[in-house]
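Undergrad: Here the working numbering is used: position 1130 in the sequence shown is 1135, and no number is missing along the way.
Ideal placement from N, C-alpha and C gives every residue a C-beta, glycine not left out.
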Amino acid sequence: MQIYSDKKAPFARWLCRIHLSSPSDMSDINRLRTQKVWRIMKLTGVLTFVPLLHLSASVYSQQVTLKGQRVKIKDALRTVTKQTGYGFLYNSKMLDVESSISVDLNNAPLSKAMEEILAAKGFNYRIEENTIVLLPKHERSIDTKETPIQRGIRGKVTDDKGKPLTGVSIVFSKDLSFTTDAKGEFKLPVSVDGKEATFSFVGYKKHVQVLTAKSGAYEIKLQSSHEQLSDVVVTGYFSRTKQSVTGSQVVVSGEDLRKVGSLNLMQALNAFDPSVRMAPNLEFGSDPNRVPEITIRGENGFDLRSSADDSRSNPNGPLYLLDGIEVSATRIYDLDMNRIESFVILRDASATSLYGSRGANGVILITTIPPKEGAVRVSFNTTANVSVPDLRDYNLMNAGEKLEYERLAGLYTSRTNSREEQILLDLKYSDRLAEVERGVDTYWLSKPLTTSVNQRYNAFVEGGDRSFRYGVNLNYDKDKGVMKESGRDRYGINVSFNYYPRKDFLIRNDVSVNNVKGFNSPYGTFDSYAKQNPIDRIYDRQTGDVIRFYEFNSTLNPMLDAFLPNKDFNRYTEIQDNFNMDWRINPNFRVTGRASLSKKLAKAEKYISPFSSKFDRETESDKKGSYEIYDQDDLNFDGTVTASYNKIFRDKITTNIGVGANAVTTSAVGEGYTATGFLSDNMNFIQYAQQFKENTSPKGYFDKSKMIGFFLNANVGYENRYFVDLSFRTDGSSRFGRESRFAPFWSAGVAWNADREKWWDSDATLKVRASVGSTGSVNFSADQALTKYGYDPLYEYNGYYGARLLGYGNPALKWQNTLQNNIGADLTMFKNLLVLNIDAYIKQTQNLLLPIDIAPSTGFLSYTENLGSMENRGMDMRLRFNVLRGKNPVNWNFTLGAATNKNKIKHLSNALEAMNEEAGKKDNVTGPKPLRTYQAGRSQSALMVVESLGIDPMTGNEIYRKLNGDLTFDYDPKDKIIVGDMNPTWMGTFQSNLLYKGFNLYFILAYEYGGKIYNSTLAQKVEGSNPLFNADRRVLYERWKNPGDIALYKRIDDTEPPYQTTRLVQRNDFLRLQTLTLTYDLPANVLTNLKLERARIMLTSNDLFRFSTVKMERGTIYPYAQTFSLALNLTF
6 MQIYSDKKAP FARWLCRIHL SSPSDMSDIN RLRTQKVWRI MKLTGVLTFV PLLHLSASVY
66 SQQVTLKGQR VKIKDALRTV TKQTGYGFLY NSKMLDVESS ISVDLNNAPL SKAMEEILAA
126 KGFNYRIEEN TIVLLPKHER SIDTKETPIQ RGIRGKVTDD KGKPLTGVSI VFSKDLSFTT
186 DAKGEFKLPV SVDGKEATFS FVGYKKHVQV LTAKSGAYEI KLQSSHEQLS DVVVTGYFSR
246 TKQSVTGSQV VVSGEDLRKV GSLNLMQALN AFDPSVRMAP NLEFGSDPNR VPEITIRGEN
306 GFDLRSSADD SRSNPNGPLY LLDGIEVSAT RIYDLDMNRI ESFVILRDAS ATSLYGSRGA
366 NGVILITTIP PKEGAVRVSF NTTANVSVPD LRDYNLMNAG EKLEYERLAG LYTSRTNSRE
426 EQILLDLKYS DRLAEVERGV DTYWLSKPLT TSVNQRYNAF VEGGDRSFRY GVNLNYDKDK
486 GVMKESGRDR YGINVSFNYY PRKDFLIRND VSVNNVKGFN SPYGTFDSYA KQNPIDRIYD
546 RQTGDVIRFY EFNSTLNPML DAFLPNKDFN RYTEIQDNFN MDWRINPNFR VTGRASLSKK
606 LAKAEKYISP FSSKFDRETE SDKKGSYEIY DQDDLNFDGT VTASYNKIFR DKITTNIGVG
666 ANAVTTSAVG EGYTATGFLS DNMNFIQYAQ QFKENTSPKG YFDKSKMIGF FLNANVGYEN
726 RYFVDLSFRT DGSSRFGRES RFAPFWSAGV AWNADREKWW DSDATLKVRA SVGSTGSVNF
786 SADQALTKYG YDPLYEYNGY YGARLLGYGN PALKWQNTLQ NNIGADLTMF KNLLVLNIDA
846 YIKQTQNLLL PIDIAPSTGF LSYTENLGSM ENRGMDMRLR FNVLRGKNPV NWNFTLGAAT
906 NKNKIKHLSN ALEAMNEEAG KKDNVTGPKP LRTYQAGRSQ SALMVVESLG IDPMTGNEIY
966 RKLNGDLTFD YDPKDKIIVG DMNPTWMGTF QSNLLYKGFN LYFILAYEYG GKIYNSTLAQ
1026 KVEGSNPLFN ADRRVLYERW KNPGDIALYK RIDDTEPPYQ TTRLVQRNDF LRLQTLTLTY
1086 DLPANVLTNL KLERARIMLT SNDLFRFSTV KMERGTIYPY AQTFSLALNL TF
């Protein structure tokens, strides 16, 4: 935008750009123009005022002096503006202002000057107040002498505190828009009289109002909001307008996030991006101490870990950045969602390449709410939620059914045909039958569970003026799990301030202290209760004491340990200080600096009483009871410096260039030990232990890594139509070998805003994007690149400890890198009635780190080498349909999200071939979960089992098909075939958002389709079940019993674990109501009476229902839960 102004002007001029899309948009100017012409008409108005000592427009000179050869029309119009004070309104697509004319005017009247300037271009003109409207000659011109000057529409736009807002967009249609000036004021032509205007500004709610010339000066107030943040995309290092972005990302406001009602951010991500998948956890369910794992656009590498609780150790986990600082997944899991202003999910190379070696798995940027200026403002949020155990997937037998299953399984039939033995078995059966007839039917599932009531509180105090702003945030979250005495307590404080020593220089500091403590239930694991016999009592019916031992199956009562003073907890305290500086040297040049220092002290303790059932068979007192303690101390530093330059050249070329450097240092020191030998629970302090655990000694851990990176980004656009974005970064890391310390990463992206083309004749908008680039991953241990030695106290000689080799390093180890290709489009149609965002991608990961077998004589079985490669292809899309909107009292929109991903292994190491051989051994082809087998050309999540033709009706045995097609009763693991993929073919969400006055009804349906799963319940509790323990009802009703039975499952007296075959593989499709939320915002008159700025009530439920094609137990170690919440948000 260019502003024409006189050098003597004491105040700034302003510019309005107008777009006309229909004949009615300027009906009072000319009603005879054709619809086809004016649909594509784009008018650019330049309105300047030359202030003199008088306020009347009549004091401007009506004479024009202009002489010259080859004078550009735009320069001629600028001269007229300076000499007369009139601005211009014209169609830039019809009038070429870059063309030249020859003029010779000396104190000529305005009318003559305009005729001479426009004569060669076939244009007429009309004067409307302070604006000269230029029209093609085939449109009827109106003589200004015959038409009196009409009064325009005036007004002012301010925020909710009365502060003028500069640059507010005032939109009447796609091609008709204005902006406010430096004082927040606007003046519109009479042509918009009676039309509906939409006022919008970044960070504020849209305001819609019909404007008329008879209403006088308007006072428009915009309410603060976070919904408009998507107009500006923050990449972490730099900010870009939405039009100029070439990458694939999803921007979500904090307001939208909190509608989901999830307990943490990680559980809500898939609601906004279908390419985000949270790994299903069928064992740990709703355990509040289990950090979820997520992936973005599939898995880029082999996950060969035994466990993963942190993004730095998960080779497929994304990078998390909180206010620009890298943090762990645990930190995000424990983050109070009321602090979040917005978050951005970066998915392709163009969006993530600036993070170089850390961006291959995607990046999630979280921005917290900064303090705002004004009087002291207090926001208070409180939530009460009820968590109810979700046992809908459990279908266990009752006491009578269990006894009948025992009989059919042959527990009461002598296998030796011994009469004496049969008599004893009959007596045992009679005793158990008598218990059933007495009504004994113990529901063991309820014993370790509870319905928990939890509270969450958050208070935020903010205030200050333009020079200094402050904010204090306090939060407390007590999350009790549904297993008794389990839970996770979180509380913290955050203090931040923004200081402007001058208007172009910002200093910000943010200090946070967070304390988290997680408790594991003393009742043990849930599966130990699920297998208990319903015929068994918990308490002795004569003494009332807890029964300790059950002779029937030689097991201990799992509730014994629940009454002992066992403890199992982990806690951490983290202190973090973030310091930021932002210097806007001039409107074009900006320098920023950021430094963060964090300290984390973590501790884990686990005490097991000497009277625990675990030590029932232990006779030595120094081995009874145990106490395990582990302490860890983390110290991290993260610093970044950036410089950016932006400039608009010739009103057409936009340029944004940014450079920067980033350094990260992490260190972790841990130590721990396990002691045994406690004589009493009253003396459960560590000093009363008699010894370290047998054959163990204190253990220690140390890890330190450093990384430094330098990066460059350039974004160039032409007329807001075409954009090119180039990024380059080079990273150096201590985690890789000395021969490959540094590696380059890059990206190139282009974008085309097709709706800005001159030939575009529609109210729709279309943006096409494409990018390619290389990113990396360093979520691995430094031991893989470095040969390390450590002193071992077990090897002592002559007063010195001996050193032993800890790891066989590879100094030539290279960076793992992923080449990403992405093409996407953003389309809106029918005036934003439909909004579509769609992307397709190919990700090729090279130099995958894999173990390589080596000679045992080295002392190690393998070392790490760059030998693997993998490919991911997929697509993700979001379609939004705004069904009802505008002036209707009801607003309704729904969104469909869908994603698909196909994974393929391109190359493997010999170590994975050895793992395949291990998976094929007899000992590994039974059980609840097939081991993964890896082979080039296949997906790493491919499910491979032997083909089954079902159960033979005559024998009740399973029939297998060999690879050559022969049928057999003999199982051979070499006959395995691919029967599907454990990842879904499609996954996503369906969302609906309905607003009526102050009410808002919102729900999310999540779905997965096309995946396969090996049903572990069928493998353990239907077939392979032990009749000594309880099992799924299908074991009684659907197993083969007699010759001729047509049954799904093998004979009921076969207790051997079943082989892994296609018979137990099922299609894993599901649909669940992830979130249902109802909110109500109190009306303004009620808020005034209550002296509140805002008040909102919110009711939320999670996982209200779930439909699945698989009947399988979920949450076997810790059950799932349904949550119901009531929240109150107040702002004073």
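Would you check if the distance between the CB atom of V840 and the CB atom of R885 is smaller than 8 Å?
TA: If you number the sequence shown from 1, residue 840 lands on position 835. If you number the sequence shown from 1, residue 885 lands on position 880. Yes. Within cutoff.
Undergrad: Measure the CB-CB distance between A365 and T905 and report whether it falls below 8 Å.
TA: As a first step, residue 365 is located in the sequence shown; it is residue number 360 there, counting from the start. As a first step, residue 905 is located in the sequence shown; it is residue number 900 there, counting from the start. It is not a contact, given that the beta carbons lie outside the stated cut-off.
Undergrad: Please state whether DSSP places N651 in a helix, a strand or coil.
TA: Working through the sequence shown from its first residue, we reach residue 651 at position 646. In this structure, N651 counts as strand in the three-state DSSP scheme.
Undergrad: Which first and last residues belong to the alpha helix (DSSP H) in which E426 is found?
TA: For the purposes of this step, residue 426 is taken as the residue at position 421 of the sequence shown. Residues R424 to E442.
Undergrad: Three-state secondary structure (DSSP) at P978?
TA: The residue given as residue 978 occupies position 973 in the sequence shown. Note: P978 maps to helix in three-state DSSP.
Undergrad: Grouping DSSP H, G and I as helix and E and B as strand, with all else coil, what is M271?
TA: Locating residue 271 in the sequence shown gives position 266, where the first residue counts as 1. Reduced to three states, the DSSP call for M271 is helix.
Undergrad: For Q821 and A748, I'd like the C-alpha separation in whole angstroms.
TA: As a working note, residue 821 is residue 816 in the sequence shown. As a working note, residue 748 is residue 743 in the sequence shown. Whole-angstrom Cα-Cα distance: 10 Å.
Undergrad: Pull up the distance between the alpha-carbon of T659 and that of P293, whole angstroms please.
TA: The residue given as residue 659 occupies position 654 in the sequence shown. The residue given as residue 293 occupies position 288 in the sequence shown. The alpha-carbon atoms of T659 and P293 are separated by roughly 49 Å.
Undergrad: Using a Cβ-Cβ cut-off of 8 Å (strictly less than) and excluding sequence neighbours within five positions of L82, which residues of its own chain qualify?
TA: By 1-based counting over the sequence shown, the position of residue 82 is 77. These residues qualify, in order along the chain: V51, F93, V102 and I122.
Undergrad: What are the start and end residues of the alpha helix (DSSP H) that includes E411?
TA: Taking the sequence shown and counting its residues from 1, one reaches residue 411 at position 406. First-last of the alpha helix (DSSP H) with E411: A404 to L413.
Undergrad: Determine the burial state of Q945: buried for a count of at least 16 other Cβ atoms within 10 Å of its Cβ, exposed for fewer.
TA: Against the sequence shown, residue 945 aligns to sequence position 940. Q945 is buried by the Cβ-count criterion.
Undergrad: Specify the secondary structure class of V840 as computed by DSSP and reduced to three states.
TA: For this step, residue 840 is matched to residue 835 along the sequence shown. The answer is strand: DSSP assigns V840 an E or B state.
Undergrad: Measuring alpha carbon to alpha carbon, tell me which residue in D80, F683 and E633 is nearest S614.
TA: Numbered from its first residue, the sequence shown carries residue 614 at position 609. Among D80, F683 and E633, the Cα nearest to that of S614 belongs to F683.
Undergrad: On the premise that R461 lies in contact with D436, defined as a C-beta separation below 8 Å, what is that separation, rounded to the nearest angstrom?
TA: Working through the sequence shown from its first residue, we reach residue 436 at position 431. Working through the sequence shown from its first residue, we reach residue 461 at position 456. D436 to R461, Cβ: 51 Å. No contact.
Undergrad: Could you tell me if Y91 is buried or exposed, where buried requires 16 or more neighbouring beta carbons within 10 angstroms of its beta carbon?
TA: What you label residue 91 is simply residue 86 of the sequence shown in a count that begins at 1. Burial call: buried.
Undergrad: Are at least three pairs of beta-carbons, each pair with one atom in the stretch 333 to 346 and one in the stretch 760 to 772, less than 8 Å apart?
TA: These segments do not touch.
Undergrad: So, is S347 buried or exposed, given that buried needs 16 or more other C-beta atoms within 10 angstroms?
TA: For the purposes of this step, residue 347 is taken as the residue at position 342 of the sequence shown. Looking at its Cβ environment, which holds 16 or more other Cβ atoms inside 10 Å, S347 is buried.
Undergrad: Roughly how many angstroms separate the alpha carbons of W897 and Y1007, rounded to a whole number?
TA: Translated into the one-based positions of the sequence shown, residue 897 becomes position 892. Translated into the one-based positions of the sequence shown, residue 1007 becomes position 1002. Distance between the alpha carbons of W897 and Y1007 is about 10 Å.
Undergrad: Between F1075 and S1113, how many whole angstroms is the CB-CB distance? I'm expecting something under 8 Å.
TA: In the sequence shown, the residue the question calls residue 1075 occupies position 1070. In the sequence shown, the residue the question calls residue 1113 occupies position 1108. That belief holds up - the Cβ atoms of F1075 and S1113 are roughly 4 Å apart, short of 8 Å.
Undergrad: Restricting to runs no shorter than 3 residues, where is the beta strand (DSSP E) found entirely within the stretch 561 to 629?
TA: For the stretch 561 to 629, whole beta strand (DSSP E) runs of length 3 or above, ordered along the chain, are 572 to 589 and 594 to 613.
Undergrad: What runs of the beta strand (DSSP E), each 3 residues or longer, lie entirely inside the stretch 1023 to 1098?
TA: Whole beta strand (DSSP E) segments, 3+ residues: 1054 to 1056 and 1070 to 1086.
Undergrad: Less than 8 Å between the C-beta atoms of T185 and F177, yes or no?
TA: For this step, residue 185 is matched to residue 180 along the sequence shown. For this step, residue 177 is matched to residue 172 along the sequence shown. Going by C-beta atoms, T185 is not nearer than 8 Å to F177.
Undergrad: Which of helix, strand or coil does DSSP assign to Y462?
TA: On the sequence shown, residue 462 is found 457 positions in, with the first residue counted as 1. Strand.
Undergrad: Quick one, which of I132, R75, Q88 and I137 has its alpha-carbon nearest D109's?
TA: To locate residue 109, count along the sequence shown from 1; it is residue 104. Residue R75 is the option with its Cα nearest to D109.
Undergrad: I'd like the list of long-range same chain contacts for E409, defined as Cβ closer than 7 Å, with 5 residues on each side in sequence excluded.
TA: Walking along the sequence shown from the start, residue 409 turns up at place 404. Closer than 7 Å at the Cβ level, and outside the excluded window around E409, lie L1041.
Undergrad: Is the beta carbon of L359 less than 8 Å from the beta carbon of N593?
TA: Position 354 of the sequence shown, counted from the first residue, corresponds to residue 359. Position 588 of the sequence shown, counted from the first residue, corresponds to residue 593. No.
Undergrad: For the stretch 1093 to 1101 against the stretch 270 to 288, are there 3 or more C-beta pairs whose distance is under 8 Å?
TA: No, the stretch 1093 to 1101 does not touch the stretch 270 to 288.
Undergrad: So what does G879 bridge to, in DSSP terms?
TA: For this step, residue 879 is matched to residue 874 along the sequence shown. Y846 and N906.
Undergrad: On the DSSP letters alone, give me the boundaries of the beta strand (DSSP E) that M834 sits inside.
TA: Mapped onto the sequence shown, residue 834 falls at position 829. M834 -> beta strand (DSSP E) spans Q821 to M834.
Undergrad: Between K1185 and G942, how many whole angstroms is the CB-CB distance? I'm expecting something under 8 Å.
TA: In the structure as shown, the chain begins at 6 and stops at 1137. Residue 1185 is therefore absent and cannot be evaluated.
Undergrad: Let me confirm a value: E744 is counted as buried when at least 16 other C-beta atoms fall within 10 Å, else exposed. Which label applies?
TA: Locating residue 744 in the sequence shown gives position 739, where the first residue counts as 1. With fewer than 16 other Cβ atoms within 10 Å, it is exposed.
Undergrad: In whole angstroms, what separates the C-alpha of I552 from that of S702?
TA: Reading the sequence shown from its first residue, position 547 is the one you call residue 552. Reading the sequence shown from its first residue, position 697 is the one you call residue 702. Spanning the two alpha carbons is a distance of roughly 37 Å.
Undergrad: Between which two residues does the beta strand (DSSP E) containing Y338 stretch?
TA: Translated into positions along the sequence shown, residue 338 becomes position 333. Careful: Y338 lies outside any beta strand (DSSP E), inside the alpha helix (DSSP H) at A334 to Y338.
Undergrad: Look up A666 in the DSSP assignment and say whether it is helix, strand or coil.
TA: Along the sequence shown, one-based indexing puts residue 666 at 661. Strand.
Undergrad: Per the DSSP calculation, E676 is bridged to which residue(s)?
TA: Position 671 of the sequence shown, counted from the start, is the residue given in the question as residue 676. Per DSSP, D636 and G705.
Undergrad: Given this structure, state the Cα-to-Cα distance separating D541 from D550, to the nearest angstrom.
TA: By one-based count along the sequence shown, residue 541 stands at place 536. By one-based count along the sequence shown, residue 550 stands at place 545. Approximately 14 Å, taken between the alpha carbons.
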